[in-house]
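Participant: In the numbering used here, the protein residues as written are 264 to 333. Where is the CB? At the ideal position from N, CA and C, for every residue including glycine. A quick note: this is a predicted structure, and the numbers were derived from the prediction, not measured. The structure that follows is given in the form of structure tokens.
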Amino acid sequence: SDGSVRGSDRFGYDGRDFISFELGSKSFVAADAAAEITRRHWEDVHEAEGLENYLKHVCPEWLRKYVGYG
Numbered sequence: 264s265d266g267s268v269r270g271s272d273r274f275g276y277d278g279r280d281f282i283s284f285e286l287g288s289k290s291f292v293a294a295d296a297a298a299e300i301t302r303r304h305w306e307d308v309h310e311a312e313g314l315e316n317y318l319k320h321v322c323p324e325w326l327r328k329y330v331g332y333g
């Protein structure tokens with residue numbers, strides 16, 4: 264492995280896709296017009312930095328830990 268991390272975080276509501284965060288582009292993708300409100304808010308409050316940290320550092324660390332348990 265080259266140590267690179269790829270991924271996304273997806274959020275749903277009432278059984279439907281709502282909004283996702285794409286790590287590669289560091290951007291939010293709203294599934295519909297209603298999710299645009301959330302997308303704009305999350306961009307304003309810099310939510311992407313927290314999700315980027317989570318996907319690049321926390322998730323891989325947990326994955327290595329739990330895969331190591333066998």
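Kindly indicate the opening and closing residues of the alpha helix (DSSP H) around residue 307.
Facilitator: Numbered from its first residue, the sequence shown carries residue 307 at position 44. 296-307 is the span of the alpha helix (DSSP H), which, as asked, contains residue 307.
Participant: Look at the alpha carbon of residue 300 and the alpha carbon of residue 272, and state the distance between them as a whole number of angstroms.
Facilitator: Here residue 300 refers to the residue found at position 37 of the sequence shown. Here residue 272 refers to the residue found at position 9 of the sequence shown. Spanning the two alpha carbons is a distance of roughly 18 Å.
Participant: Could you give the DSSP three-state label for residue 292: helix, strand or coil?
Facilitator: Stepping through the sequence shown from its first residue, residue 292 is reached at position 29. Taken through DSSP and simplified to helix, strand or coil, residue 292 comes out as strand.
Participant: Leaving aside the five residues before and after residue 310 along the sequence, list all residues of the same chain whose C-beta is less than 6 Å from its C-beta, in chain order.
Facilitator: For this step, residue 310 is matched to residue 47 along the sequence shown. The answer is none, since no qualifying residue turns up.
Participant: My assumption, with CB atoms under 8 Å, is that residue 294 sits in contact with residue 281. Please give the rounded CB distance.
Facilitator: Residue mapping note: residue 294 aligns to position 31 of the sequence shown, counting from 1. Residue mapping note: residue 281 aligns to position 18 of the sequence shown, counting from 1. That belief holds up - the Cβ atoms of residue 294 and residue 281 are roughly 6 Å apart, short of 8 Å.
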